[in-house]
Amino acid sequence: EMDGRVHLTGRSRHNHLPVNEIIAHFGGAGHPQAAAATIKGRPLLDLKRQLVTYLGEELIPPFTAFDIMSQPVHSTTPNTTMEEVGQAMLRYGHSGLPVIEAGRLVGIISRRDVDKSIHHGLQHAPVKGFMSSKVVTVQPTASLDEMQRLLIGNDIGRLPVVDAEGQVLGIVTRTDVLGALHGRSYPHWYQSNVRPGPELGPSLTMLSDMMTERLPKRLQGLLLLIGQEAERH
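Letter by letter, the sequence shown follows residues 175 to 407 in our numbering.
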């Protein structure tokens, strides 16, 4: 506060807090990550109270793994043959399946594993001989940032969503994360109430699917980071 004026400046590192929309209530302007306003003849305390009110109104609740996960989850067992699990992937259109034994998540099997078994003539071998037993999982409350870090950092394509008892509730894939970042896979309540705007057109949707299917995981992760950085400017 200087010379009877209050200089209000806002900065945000997160897309769910668009400071330009908050500052606009005070006659200011800017962009979602930085904005400013100068207010004359208003008590500082009143402005603080108003600011808190507007923050509550404009804050976009970040969505979680529970919001974008796919369910019910198609799964397989350790003793299923690689040929059978490959057929299941084709039937459901998945590139990987969680492996469940006695209600517990024990591994992940991917299309790449199936192709490897066929290449070596081992399509009749059990899943347990090819699955990855070190499974990276998330809780239903995991944020998009957390899921993105795990997918990129572990060079994996999917994250099972588990509850406190370890039961699988759903699964989040790279496609889900890509769609969420670009508005295509936001839950309907989120798109209509919180994040209005055009979705990807058919051609861009196809391009996104092709990128997810064909590009190496680390390159996909790099593109995600580049896209996020571009949105900040």
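Glycine is no exception: its CB is placed at the ideal position from the N, C-alpha and C atoms.
**Asked** What are the start and end residues of the alpha helix (DSSP H) that includes residue 326?
**Response** 318-327
**Residue range of the beta strand (DSSP E) that includes residue 184** = 179-185
**Complete runs of the alpha helix (DSSP H) confined to the segment 263-320 [at least 4 residues]** = 285-293
**Request:** Could you spell out where the beta strand (DSSP E) holding residue 347 opens and where it closes?
**Result:** 342-347
**Prompt:** Near residue 227, which residues of its chain fall below 8 Å by C-beta distance, leaving aside the five closest residues on each side in sequence?
**Reply:** none
**Message:** What does the alpha-carbon distance come out to for the pair residue 307 and residue 315?
**Reply:** 23 Å
**Item:** Cβ distance (whole Å) where residue 206 is taken to contact residue 217 below 8 Å
**Value:** The pair is not a contact, with the Cβ atoms about 28 Å apart (cut-off 8 Å).
**Short Cβ contact (8 Å threshold) for residue 351 with residue 325** = yes
**Request:** Could you give the DSSP three-state label for residue 338: helix, strand or coil?
**Result:** coil
**Request:** Identify which residue in 396, 272 and 208 has its Cα closest to the Cα of residue 322.
**Result:** 396
**Item:** Stretch pair the segment 287-295 + the segment 259-266: three plus CB contacts closer than 8 Å
**Value:** yes
**Request:** Starting from the C-beta of residue 334, find all residues in its chain whose C-beta is less than 7 Å away, skip the five residues before and the five after it, and write them out in chain order.
**Result:** 272, 279, 309, 311, 342 and 345
**Request:** Can you check DSSP and say which residues form a bridge with residue 332?
**Result:** 347
**Request:** Specify, as a first and last residue, the run of the alpha helix (DSSP H) that residue 227 falls within.
**Result:** 218-232
**Item:** DSSP-derived helix/strand/coil call for residue 248
**Value:** coil
**Message:** Among 182, 186 and 220, whose alpha-carbon lies nearest the alpha-carbon of residue 202?
**Reply:** 182
**Request:** Have a look at residue 268 and residue 297 and give me their C-alpha separation to the nearest angstrom.
**Result:** 18 Å
**Message:** Our contact map puts residue 412 next to residue 318 with C-beta atoms below 8 Å; I'd like the distance itself, whole angstroms only.
**Reply:** Because the chain here runs from 175 to 407, residue 412 falls outside it and cannot be looked at.
**For residue 210, the residue or residues it bridges with in DSSP** = 183 and 203
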